[in-house]
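Residue 1 is where the sequence shown starts when you use full-length UniProt numbering, and the numbers rise one by one after that. Using N, Cα and C, we set each Cβ at its ideal position, and we do this for glycine too. First up is the structure itself, then whatever we jot down about it.
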Amino acid sequence: MRETKFLTTDQGRQIAYHKSAGKGPCVVFLSGLKSDMEGTKAVHLEAWAQARGQAFLRFDYSGHGESSGEFSEGCIGDWHEDALAVVAALTEGPLIVVGSSMGGWQALLLARAIPERIAGMVTIAAAPDFTEDGYWANFTAAQKRELEEEGLVELPSDYMEPFIITRRMIEDGRERLVLRSPLVLDFPVRMLQGTEDTAVSRETALHLLDHAQSPDMRLTFVRGKDHRFSDEDCLKLIESSLEEVLYDL
1 MRETKFLTTD
11 QGRQIAYHKS
21 AGKGPCVVFL
31 SGLKSDMEGT
41 KAVHLEAWAQ
51 ARGQAFLRFD
61 YSGHGESSGE
71 FSEGCIGDWH
81 EDALAVVAAL
91 TEGPLIVVGS
101 SMGGWQALLL
111 ARAIPERIAG
121 MVTIAAAPDF
131 TEDGYWANFT
141 AAQKRELEEE
151 GLVELPSDYM
161 EPFIITRRMI
171 EDGRERLVLR
181 SPLVLDFPVR
191 MLQGTEDTAV
201 SRETALHLLD
211 HAQSPDMRLT
221 FVRGKDHRFS
231 DEDCLKLIES
241 SLEEVLYDL
């Protein structure tokens, strides 16, 4: 097993990463909230890229996996800074970004920040604006009061231990929303979504499809698949989606 490497960002955070050399464009995997670069999809796609001789990068946001920091202290903006830092320091030329769940939001933020670098995108249960449209919109009056007074609220999860949602995460998320203003994705986009996903709704996927401006954007629903989207069939579909995006490059 290769040794994990670390990048120190301008903010002083230690970001763990694995990079595979190969031909461009480099495929960059963006994990979901409280997920890390050792997840099934990230590791599988690394092996897929290596077999093709394709450059590949996976990393842990601060407060995730092997990177420095505490999850409860982070927010969307911090993780966006992490993504920008690793892309700037560790890659050159065009990129194909693969974003899973919150990583889908991060992929869209990268497309907004460095559009000249993004050559294609694949999202898996993309969750743009979830801090506002998912968390805040569904908080009870008591939860909103608790967030305001205590600075955090605990939410149950169908997939892992409860989430600690902080006031900083909500407030910072409002500065990073991508579905309230024009979203230009001037490259091929493939969106994948399971019909049994209880974390990200079909409506979210359709909203993104309708909102974004792209010359080649397709949404695929897969019956019976949940938010993990990590079984053999799903992994093959992610591969084929990447191959479609890469075909003309």
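According to DSSP, residues forming a beta bridge with residue i
i	result
Pro188	Asp216
Phe221	Gln193
Phe29	Arg58, Val98
Gln14	Thr8
Val122	Val98, Arg190
Ile165	Val153
Lys19	Leu57
Supposed close pair residue i, residue j - CB separation, criterion 8 angstroms
i	j	result
Gly12	Ala49	About 30 angstroms separates the two Cβ atoms, so there is no contact after all.
Gln14	Ser67	6 angstroms
Lys41	Ile124	7 angstroms
Arg228	Met191	Between Met191 and Arg228 the Cβ distance is about 17 angstroms, and since that is not below 8 angstroms, they are no contact.
Asp36	Ser62	So it is not a contact: roughly 11 angstroms between Cβ atoms.
Leu57	Leu33	Between Leu33 and Leu57 the Cβ distance is about 19 angstroms, and since that is not below 8 angstroms, they are no contact.
Thr9	His18	Not a contact, Cβ separation roughly 17 angstroms.
His165	Leu155	Note on identity: in this sequence residue 165 is Ile, with His being the wrong assignment. With a Cβ gap of about 6 angstroms, Ile165 and Leu155 count as contacting.
Val122	Val200	Not quite, the Cβ-Cβ distance comes to about 15 angstroms (not below 8 angstroms), so this is no contact.
Alpha carbon of residue i to alpha carbon of residue j, nearest angstrom
i	j	result
His44	Leu84	23 angstroms
Cys234	Glu149	42 angstroms
Thr204	Val153	23 angstroms
Arg168	Leu109	18 angstroms
Phe6	Val87	13 angstroms
Ala126	Ser101	4 angstroms
Thr131	Glu146	16 angstroms
Trp136	Ile76	14 angstroms
residue 252	Val27	Outside the modelled stretch of the chain, which goes from 1 to 249, sits residue 252, for which no answer is possible.
Ile238	Gly93	23 angstroms
residue 252	Leu208	This structure does not reach residue 252, given that the chain is present from 1 up to 249, and the question cannot be answered.
Ala111	Phe29	14 angstroms
residue 301	Asp60	This structure does not reach residue 301, given that the chain is present from 1 up to 249, and the question cannot be answered.
Asp172	Thr140	20 angstroms
Leu242	Leu249	11 angstroms
His64	Asp210	32 angstroms
residue 260	Ile170	Lying before the first or after the last residue shown, residue 260 is absent from the chain, which here runs from 1 to 249.
Arg202	Gly99	17 angstroms
Gly151	Ala16	28 angstroms
Ser189	Arg174	The question names Ser, but residue 189 in the sequence shown is Val. Using only the alpha carbons, I get a separation of about 24 angstroms.
Pro25	Ala113	18 angstroms
Burial state of residue i (16 or more Cβ within 10 Å)
i	result
Gly69	buried
residue 255	For the chain, the structure presents residues 1 to 249; residue 255 sits outside this window and is missing.
Pro215	exposed
Ser157	exposed
Asp231	exposed
Pro162	exposed
Gln181	Before going further, note that residue 181 is Ser rather than Gln in the sequence given. Exposed, by the Cβ-count rule.
Glu81	buried
Tyr247	exposed
Lys236	exposed
Ala142	exposed
Lys144	exposed
Gly104	buried
Gln213	exposed
Asp129	buried
Ala51	exposed
Ser31	buried
residue 253	Lying outside 1 to 249, the shown extent of the chain, residue 253 is not represented and no answer is given.
Gly74	buried
At least 3 beta-carbon pairs within less than 8 angstroms: the region 185-203 vs the region 224-233: yes
Contact the region 172-187 vs the region 112-132: 3+ CB pairs below 8 angstroms: yes
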